[in-house]
Structures are given as C-alpha cells and as structure tokens.
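Residue numbers (full-length UniProt numbering): 1 to 271.
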C-alpha cells in the first residue's frame, strides 16, 4: 500500500536530575528515539523564619505643669512560611504636643525549586510641630529579617540580582549573607564595584552553588528621631532574587535529537 508516511511522536518519562523524556518518532520505515529535557527542582527548602517589628516613643515635657507625657508603641510578627507578605505598621500620636510616630516594616519572600525572591521596606518617621509649653523628643525603629536554610541538589550556576536604598543614619542598614552549612561565605555584599570602579547597589552577580546545604540571612533596619523641634525620618528598602540558570542537554543528547530530526526530514524529502 502506497501513500503519505504516517508520523507521530510520544513523550515517555525517565529518571535523573533533569526529567528525561524520550521523544519517539514513528513512521512507516521505523522508529527513532531522541532524548528531551525539562527542569526539576534544584533548591529544596529545609527551614524558614521570617520576622518584622516596629516600635516608637514620643515624650513631651510640659514646662508649665512640670510633668512628662509619654506614649510608647511596639508591634512584631513572624512566620515560617513563604509566598506571603509579612507586615506591621505603627501609628502613634501625642495630640497635646502635636507630635506623632508612624511607620511600617514589611517584607515579601518567595521560594521554590528554581530560586527565591525577597523584597522589603523599613520606614519610620517621628515628627511634629510642638509649641510652648511643650518640649518634645521621640524615636522610632523598624526591622525585617529572614533566615532561610535550603539544599542544592546538584552543582548549579545561579544569578543574583540585587538593588537597595539605605537611609542616612549610621545604624540604618541592609545586610545579606549567603553561606554553606560550615559557615563559609558564598556572598555577603550589598554593593558591588564593577570594572568602572564605581560602587553600585544595583547589580547582577553570577555564582556557582555546589551540591549541599546553605543558609541565607538577610534583613533591613531603619531609624527616626526627633529632638528640639528637628525631625529625621528613616527609610531602607531592598530587593533581590537568586535564580538557577536553566541547564541544557549534554552535547550527545543534542546530537541525537538533531540527527533524528534530520533523518526524518531526509526520508520525507525522498518520498
């Protein structure tokens, strides 16, 4: 019986670090098998602790009455899960002295088999417009933190992309530390000096993670103060991602796939 060749292909699962599949081409003159690939989980979560906290205080000294009026605020929250936003806010007022303390400590953290993502802000502002008979002072602070333990299932090249903005106070900070289970630091910088010699807080860095266990610790802090009628707000923000660079099939696999496609094309051309 003569006619046009009948071609089909099927995907059959296999085993290994990559999900191996065998691409099977079927025709009237035989069967050709060539491997195909898809990514599986490179990162495996082990433990996670996330926290946020914010606090503030306003204190007014009434010169006329000779007494002190004071208000305090403090709030914190924590979780052991990812894929969510963790946040606490502050709204503190001292109406008698026309002063306030406001702010937020918030973070987002996501992790899966191909990498992780972190975004956070610590923002606090203690201020006011006090008038006689009040002499006012105040302070506030906001913090966020993450400790994430994970395993890398096979040697993997990753790309770290990071950007941050740090406040003006000496103690305001964004810290980052990626180390293996023995404490050897893989990367611990929140800034980068490139070939131009100019430091930057917005950069990309390629790293190699070998098979094993790792610990990532990161967090932000911001501070604000008010004294003598002068107020100084604080704000720190940062975000980064660590993403596995997709691996490609080994050269022999590519060769088999290309040879298979070429053979099928040649047979169809001859017909």
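Ideal Cβ placement from N, Cα and C applies to all residues, glycine included.
- Within the same chain, 121, 165 come within 6 Å of residue 237 by CB-CB distance, once the 5 residues on both sides are set aside.
- With 16 or more other Cβ atoms inside 10 Å of its own Cβ, residue 190 counts as buried.
- A distance below 6 Å between beta-carbons, with the five flanking residues on each side excluded, links residue 215 to the following residues of its chain, in chain order: 149, 179.
- Excluding its 5 nearest sequence neighbours in each direction, residue 115 has C-beta neighbours in its own chain below 6 Å: 242, 243, 244, listed in chain order.
- Counting only the Cα atoms, residue 68 lies some 33 Å from residue 173.
- Per DSSP, the unbroken beta strand (DSSP E) holding residue 43 starts and ends at 43-62.
- In chain order, 73, 74, 140, 141 place their CB closer than 7 Å to the CB of residue 55, counting only its own chain and leaving out the 5 sequence neighbours on each side.
- Judged by their CB atoms, residue 135 and residue 103 are not nearer to each other than the 8 Å cut-off.
- Residue 97 carries a helical assignment under DSSP once its states are collapsed to helix, strand and coil.
- Note that the C-beta distance between residue 79 and residue 50 is below 8 Å.
- According to the DSSP assignment, residue 169 belongs to no beta strand (DSSP E), since it is labelled neither H nor E.
- Around the CB of residue 71, 16 or more other CB atoms lie within 10 Å, so the residue is classed as buried.
- Excluding the 5 residues flanking it on each side, residue 225 has same chain C-beta neighbours closer than 6 Å at 139, 232, in chain order.
- Per DSSP, the continuous beta strand (DSSP E) segment holding residue 141 begins and ends at 134-152.
- The beta-carbon separation of residue 106 and residue 87, rounded to 4 Å, stays under the 8 Å limit for a contact.
- Secondary structure at residue 131: coil, using DSSP grouped into helix, strand and coil.
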